[in-house]
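Chains C and Y, in that order, are what the protein sequence lines are.
FYI, numbering that gives the first Met the number 0 numbers position 2 of the first sequence as 1, with every residue one higher than the one before it.
FYI, numbering that gives the first Met the number 0 numbers position 186 of the second sequence as 185, with every residue one higher than the one before it.
Number of protein chains: 2
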Amino acid sequence: MAINIAIDAMGGDHGLSVTVPASIDALDKFSDIHIVLVGKQDEIEQQLSAYQYDSSRLTVVHAEQVVEMDDLPSKALRNKRKSSMRIALNLVKEDEAQACVSAGNTGALMAVAKFVLKTLPDIDRPAICTSMPTMKGHVHVLDLGANVGCTGENLTQFAVMGSVLSRAVDSNAAPRVGLLNIGEEEIKGHQRIKDAHQLIQNTSINYIGYVEGDDIYKGDTDVVVCDGFDGNIALKSSEGVAKMIAYYLKEAFGRNIFTKLAGLIAYPVLKSFKDKVDPRRYNGASLLGLQKIVIKSHGGADQYAFLQAIAEARLEVSKNVPQLISAEVSQLIQQKSS
Amino acid sequence: MAINIAIDAMGGDHGLSVTVPASIDALDKFSDIHIVLVGKQDEIEQQLSAYQYDSSRLTVVHAEQVVEMDDLPSKALRNKRKSSMRIALNLVKEDEAQACVSAGNTGALMAVAKFVLKTLPDIDRPAICTSMPTMKGHVHVLDLGANVGCTGENLTQFAVMGSVLSRAVDSNAAPRVGLLNIGEEEIKGHQRIKDAHQLIQNTSINYIGYVEGDDIYKGDTDVVVCDGFDGNIALKSSEGVAKMIAYYLKEAFGRNIFTKLAGLIAYPVLKSFKDKVDPRRYNGASLLGLQKIVIKSHGGADQYAFLQAIAEARLEVSKNVPQLISAEVSQLIQQKSS
Numbered sequence: 000m001a002i003n004i005a006i007d008a009m010g011g012d013h014g015l016s017v018t019v020p021a022s023i024d025a026l027d028k029f030s031d032i033h034i035v036l037v038g039k040q041d042e043i044e045q046q047l048s049a050y051q052y053d054s055s056r057l058t059v060v061h062a063e064q065v066v067e068m069d070d071l072p073s074k075a076l077r078n079k080r081k082s083s084m085r086i087a088l089n090l091v092k093e094d095e096a097q098a099c100v101s102a103g104n105t106g107a108l109m110a111v112a113k114f115v116l117k118t119l120p121d122i123d124r125p126a127i128c129t130s131m132p133t134m135k136g137h138v139h140v141l142d143l144g145a146n147v148g149c150t151g152e153n154l155t156q157f158a159v160m161g162s163v164l165s166r167a168v169d170s171n172a173a174p175r176v177g178l179l180n181i182g183e184e185e186i187k188g189h190q191r192i193k194d195a196h197q198l199i200q201n202t203s204i205n206y207i208g209y210v211e212g213d214d215i216y217k218g219d220t221d222v223v224v225c226d227g228f229d230g231n232i233a234l235k236s237s238e239g240v241a242k243m244i245a246y247y248l249k250e251a252f253g254r255n256i257f258t259k260l261a262g263l264i265a266y267p268v269l270k271s272f273k274d275k276v277d278p279r280r281y282n283g284a285s286l287l288g289l290q291k292i293v294i295k296s297h298g299g300a301d302q303y304a305f306l307q308a309i310a311e312a313r314l315e316v317s318k319n320v321p322q323l324i325s326a327e328v329s330q331l332i333q334q335k336s337s
Numbered sequence: 000m001a002i003n004i005a006i007d008a009m010g011g012d013h014g015l016s017v018t019v020p021a022s023i024d025a026l027d028k029f030s031d032i033h034i035v036l037v038g039k040q041d042e043i044e045q046q047l048s049a050y051q052y053d054s055s056r057l058t059v060v061h062a063e064q065v066v067e068m069d070d071l072p073s074k075a076l077r078n079k080r081k082s083s084m085r086i087a088l089n090l091v092k093e094d095e096a097q098a099c100v101s102a103g104n105t106g107a108l109m110a111v112a113k114f115v116l117k118t119l120p121d122i123d124r125p126a127i128c129t130s131m132p133t134m135k136g137h138v139h140v141l142d143l144g145a146n147v148g149c150t151g152e153n154l155t156q157f158a159v160m161g162s163v164l165s166r167a168v169d170s171n172a173a174p175r176v177g178l179l180n181i182g183e184e185e186i187k188g189h190q191r192i193k194d195a196h197q198l199i200q201n202t203s204i205n206y207i208g209y210v211e212g213d214d215i216y217k218g219d220t221d222v223v224v225c226d227g228f229d230g231n232i233a234l235k236s237s238e239g240v241a242k243m244i245a246y247y248l249k250e251a252f253g254r255n256i257f258t259k260l261a262g263l264i265a266y267p268v269l270k271s272f273k274d275k276v277d278p279r280r281y282n283g284a285s286l287l288g289l290q291k292i293v294i295k296s297h298g299g300a301d302q303y304a305f306l307q308a309i310a311e312a313r314l315e316v317s318k319n320v321p322q323l324i325s326a327e328v329s330q331l332i333q334q335k336s337s
């Protein structure tokens with residue numbers, strides 16, 4: 000049976016000009032998926048007319064409203080019940096699709112997804128989890144901004160969810176889970192982190208203890224757990240420094256005719272380097288802890304990046320991620336009460 | 000009159016093999032400084048014997064103890080009263096030197112410096128402030144890990160201290176000061192950050208409001224203010240991603256004979272790029288809010304990096320940074336009470 004993926008076709012900075020061609024690419028790449036494009040029907044059909052595709056594998060569902068990138072979550076929830084985001088999530092709720100992919104604004108997506116799809120039993124708060132490159136592969140980091148001021152219990156649930164995700168999608172039998180902290184002795188961390196440090200040790204996951212910001216990229220941790228505030232700071236700072244490095248690298252090679260020539264000669268090398276750390280490859284964050292699968296694409300994603308988010312949705316459907324999380328968390332709760 | 004700088008010669012991962020030659024370099028580079036090397040006299044003299052220098056500009060002060068990189072701050076404070084770190088700070092206290100530079104462990108240095116030199120009146124907590132490269136120059140970020148769980152008042156004092164530092168050392172008349180936060184609407188930040196946001200608006204500094212992690216590197220902010228936990232996460236994550244990028248860049252050029260040849264041709268370009276983002280250039284964090292000047296060098300600093308920390312000490316002495324901060328903060332307090 001095909002994996003049915005609902006796409007919020009209007010979401011993101013580029014809307015249909017990215018979501019439609021990326022969906023066509025996904026149909027080409029994955030023979031086992033069916034795509035439902037949700038959004039303004041006439042505009043979607045106009046975009047689609049430029050492509051050749053198997054029309055039996057793509058459906059269009061009309062939605063007259065759009066959640067804007069600066070809409071407040073509360074507004075998206077109350078006043079945008081006919082938005083492409085909401086209707087895409089409704090399709091997942093009604094089992095007409097097994098996952099939703101949206102590049103719409105994060106706060107709105109999380110709020111609407113929580114309302115429509117509900118969190119899993121025993122999960123207090125869903126978390127945003129993305130993978131990032133490391134020196135040895137990749138790492139899953141959660142939470143990245145959905146939850147500010149987590150308790151030790153919240154962080155423990157994140158640890159379990161991240162561990163389950165890594166086991167499922169990386170086929171890693173015992174993912175190494177670290178808790179983000181700072182290295183200063185005696186003043187180490189917030190109370191919630193100390194609490195989580197105790198609680199996670201009582202779970203059956205492969206907990207390796209505290210890690211610091213630079214450990215995210217070393218490749219010796221498979222899952223990094225943190226409060227949404229801290230995760231957002233880590234992610235955004237990393238993005239910022241990577242962009243600055245790219246800027247100076249480009250500037251150095253663009254300086255004059257000789258540096259441009261050197262750049263031309265080094266191009267294949269620079270290209271293979273760039274592919275390795277390309278953030279687009281890692282696009283597609285999971286809203287973990289919901290009853291169904293929702294993948295958040297970066298708002299500024301291009302066609303290639305959005306395709307990765309669709310691929311992530313397909314992978315999580317094939318691995319039954321929410322069911323696995325639910326089983327693991329209820330086991331954890333049983334351990335605690337026994 | 001010469002600027003007298005006391006060096007904790009035993010501090011850091013490399014100790015004397017870095018601090019001694021960097022001190023000689025500093026004497027060569029800056030004709031207006033005098034260096035006091037504090038540490039094990041015989042070992043220092045043995046190191047010094049390899050160099051030619053003007054002995055009238057360098058003094059050695061013996062210290063029999065060493066604060067180890069993993070000593071707890073409390074232990075350094077109680078049990079290491081004869082350490083090179085403590086004696087170097089004592090020299091500053093007794094006005095025999097105008098600044099202390101140490102690559103010793105951060106927690107110990109902050110604890111001992113606070114005890115020996117005291118904080119300025121009206122400053123509740125000193126902060127660690129470093130400068131970092133941006134796309135347009137550099138930015139000062141504080142606090143980087145000395146204070147976890149700051150109040151709005153603490154953050155406001157940091158904002159004033161950072162603004163004064165930038166005015167003094169960058170000759171920037173109205174440094175743009177931003178407060179580190181995350182971008183999610185409605186769940187924005189911790190209470191302390193919201194409090195600081197209100198309080199800083201009542202100061203006379205050029206406050207530009209909230210900034211996010213990636214804004215640190217854009218060059219549109221001169222001072223970024225944050226809790227020590229958040230600053231440490233931002234700094235370490237940035238270091239981690241920069242190291243990973245350097246690793247993959249090196250790997251791409253080292254892959255085979257052709258890529259190595261390309262690397263050889265591109266070498267001058269890669270070198271000029273590397274110089275631009277070289278973290279060693281930015282070595283030397285200020286312990287702001289103390290009555291005297293203390294500069295913390297990275298523990299792993301090499302000779303060039305440690306020289307930059309000495310240069311930072313010299314600059315802050317010549318600009319009277321603590322006095323400027325003191326004047327500005329008391330003005331702020333007066334404004335509040337009037």
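Just so it is clear, CB atoms sit at the ideal spot from N, CA and C, and this is done for glycine as well.
Under the DSSP definition of a beta bridge, C128 of chain Y partners with Y:L141, Y:S285. For A261 of chain Y, at least one C-beta of chain C is nearer than 8 Å to its own C-beta.
Remark: C-beta atoms of D69 of chain C and Q302 of chain C do not approach each other more closely than 8 Å.
At a cut-off of 8 Å between beta carbons, N78 of chain Y makes no contact with chain C.
Taken in chain order, the members of the region 195 to 220 of chain Y whose beta-carbon sits within less than 9 Å of a beta-carbon on chain C are E211, G212, D213, D214, I215, Y216, K217, G218. Secondary structure of H196 of chain Y (DSSP, three-state): helix.
Residue Y:T18 holds the alpha-carbon nearest to the alpha-carbon of K295 of chain Y among Y:N78, Y:K273, Y:T18, Y:Q322. At a beta-carbon threshold of 8 Å, the residues of chain Y lying near H189 of chain C are V147, G148, F228, ordered along the chain.
Using a 10 angstroms sphere on the CB of N201 of chain Y, the tally of other CB atoms stays under 16, which defines it as exposed. Counted as a single uninterrupted DSSP element, the beta strand (DSSP E) harbouring V59 of chain Y occupies residues 57 to 61.
For Y247 of chain C, the neighbours in chain Y by C-beta distance under 7 Å run, in chain order, F272, K275, V276.
Listed by position along chain C, the residues whose Cβ is nearer than 8 Å to that of E238 of chain Y are G212, D213.
The beta carbon of V111 of chain Y sits no closer than 8 Å to any beta carbon of chain C. Taking V140 of chain Y as reference, the option from Y:A126, Y:I292, Y:M9 with the minimal CA-CA separation is Y:A126. The residue among C:A241, C:L179, C:D123 with its C-alpha nearest the C-alpha of S329 of chain C is C:D123. Under the three-pair Cβ rule at 8 Å, the region 227 to 243 of chain C counts as touching the region 213 to 223 of chain Y. Take I43 of chain C, set aside five residues on each side of it, and the residues of its chain with a beta-carbon closer than 7 Å to its own are A8, L15, V19, L36, V59, in chain order.
Within the region 276 to 297 of chain Y, contact with chain C at the beta-carbon level (separation under 7 Å) is assigned to V276.
Shown here for I86 of chain Y: same chain residues with a beta carbon closer than 7 Å to its own, the five before and five after excluded, namely V37, V60, A62 in chain order. At least 8 Å separates the beta-carbon of V320 of chain C from that of C99 of chain C. For S101 of chain C, the enclosing beta strand (DSSP E) starts and ends at 98 to 101. Judged by DSSP in its simplified three-state form, T118 of chain Y adopts strand. Listed along the chain, the chain C residues whose CB falls inside 8 Å of the CB of K193 of chain Y amount to none; the nearest CB is some 11 Å away. A residue is called buried once 16 or more other Cβ atoms fall within 10 Å of its Cβ, and Q45 of chain Y, having fewer, is exposed.
Ranked by Cα distance from L71 of chain C, the options C:G208, C:Q40, C:T105 are led by C:T105. If only complete runs of 3 or more residues are kept, the region 7 to 46 of chain C shows the beta strand (DSSP E) at 32 to 38, in order along the chain. DSSP, read as helix, strand or coil, puts Y266 of chain Y in helix. Secondary structure note for L71 of chain C: it is in no beta strand (DSSP E), with a DSSP letter that is neither H nor E. In this chain, the beta strand (DSSP E) harbouring G208 of chain Y covers 206 to 210. Residue burial annotation: G11 of chain C is buried, with at least 16 other C-beta atoms found within 10 angstroms of its C-beta.
Membership of V91 of chain C in the alpha helix (DSSP H) is indicated by the continuous run 83 to 92. For N153 of chain Y, none of the residues of chain C pass the 9 Å Cβ criterion, the least Cβ distance being about 14 Å.
Proximity of chain Y to I43 of chain C at the Cβ level (cut-off 9 Å) is not reached, the minimal Cβ distance being about 28 Å. Identification of chain Y residues near F157 of chain C by a Cβ-Cβ cut-off of 7 Å yields none; the smallest Cβ-Cβ distance measures about 16 Å. In the three-state reduction of the DSSP assignment, N3 of chain C falls in the strand class.
Its Cα nearest to that of A310 of chain Y, the residue Y:S101 stands out among Y:S101, Y:Y50, Y:E67.
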